[in-house]
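Encoded as structure tokens, the structure appears first; notes follow it.
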């Protein structure tokens, strides 16, 4: 009879979006009651019903995977205390904040207070569910659903520089085929940290901003303006018309970056992993420089190369 009852419950989950399952707990401290389970939650309901190891969690509550009836599927999740803190500070479009049951700390208390102030729904969930949603156990007990990060235009990036730093010459990073989301995240982190004014990626042959990117960027993606363009070569032509000099970074460059004049309005172009700059993009560069290598390896990872060139710009501009 018990197995039959479970089967009936699962059928209800499949065919009735408003079916409520599980033993709810009273709403308190701003957290929601047991949410409405919809069709996307059938897999977890199956796992909790038929996996004895999770029986204790099942007796507490069955959690819908961050979704309630009437809510649209969030674009992706972010996790980790630092990315969540940066997202809240930047007022990123968070849809729901999930905390692992029993997680504590001053930063957790701050997250709760900020979420309440912004009316972001809060929810306590079993740690195993955070593991599943984050696809890792390195979420530090906190995870959030958010709408996809909005890209801006290059026009917006340059306008912001003119409005906020009128005495500063623009310095942008352009990526030509960087496909690893972790490399993209590392580049975002170093570019924002070095004070670059924006990043330009392409819709094709380039990684997009994903949860992995945001995690690697440690929250910097919420502060650095990012533009996504269809054609990098055409965008380079547009930037030239706006007065920027285009500097390619390539191991075959005739001169080193230490010979670069970084006080000009600049757009630094970095090539993809293993492929470097595409021919047309390279031809459109006003200058092509290399990073001098004194050891046995021939080149650096693209995110490391980005760090070197970004801080060479910082060094020259600070020196006056």
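Residue numbers (my numbering): 125 to 444.
The C-beta atom is built at its ideal place from N, Cα and C for all residues, glycine as well.
Asked, Found
"If I measure Cβ to Cβ from residue 70 and keep anything under 8 Å in the same chain, skipping five residues before and after, which residues do I get?", "With the chain covering only 125 through 444, there is no way to say anything about residue 70."
"In angstroms with no decimal places, state the Cα-to-Cα distance between residue 408 and residue 360.", "7 Å"
"Taking a contact to mean a Cβ-Cβ separation below 8 Å, would you say residue 266 touches residue 314 in this structure?", "no"
"May I have the straight-line CA-CA distance separating residue 210 from residue 343, to the nearest angstrom?", "5 Å"
"Please classify residue 146 as buried or exposed, where buried requires at least 16 neighbouring CB atoms within 10 angstroms.", "Confidence at residue 146 is low in this model, with a pLDDT of 38, below 50, so its placement is unreliable and the value that follows should be read with caution. Looking at its Cβ environment, which holds 16 or more other Cβ atoms inside 10 Å, residue 146 is buried."
"Quick check on the burial criterion: 16 or more other C-beta atoms within 10 angstroms. Buried or exposed for residue 443?", "exposed"
"For a test of the three-state rule: what should DSSP assign to residue 344, helix, strand or coil?", "helix"
"Just verifying my parser: in three-state terms, what is the DSSP assignment at residue 413?", "strand"
"Rounded to the nearest angstrom, what separates residue 437 and residue 402 at their Cα positions?", "24 Å"
"Comparing the C-beta of residue 326 with each C-beta of chain B, is any distance below 8 Å?", "Reference to chain B is not applicable here, since this structure consists of a single protein chain."
"Please state the DSSP three-state secondary structure of residue 280.", "helix"
"Return helix, strand or coil for residue 432, following the three-state DSSP convention.", "helix"
"Cutting at 7 Å between CB atoms, please list the residues of its own chain near residue 167, excluding the five before and the five after it.", "Any reading at residue 167 needs caution, since the residue's pLDDT is 38, under 50, leaving its predicted position unreliable; the model's value is listed next. Contacts found: none."
"Could you give the distance in angstroms between the alpha-carbon of residue 283 and the alpha-carbon of residue 424?", "33 Å"
"Kindly indicate which three-state DSSP category residue 270 falls into: helix, strand or coil?", "strand"
"Just the C-alpha distance for residue 299 and residue 234, rounded to the nearest angstrom, thanks.", "36 Å"
"Is residue 339 buried or exposed, if buried means 16 or more other CB atoms sit within 10 Å of its CB?", "buried"
"Would DSSP call residue 239 helix, strand or coil?", "helix"
"Could you check which residue in 341, 347, 311 and 325 has the C-alpha nearest to that of residue 358?", "325"
"Where does residue 251 sit, in a helix, a strand or coil, going by DSSP?", "helix"
"Using three-state DSSP, classify residue 218 as helix, strand or coil.", "strand"
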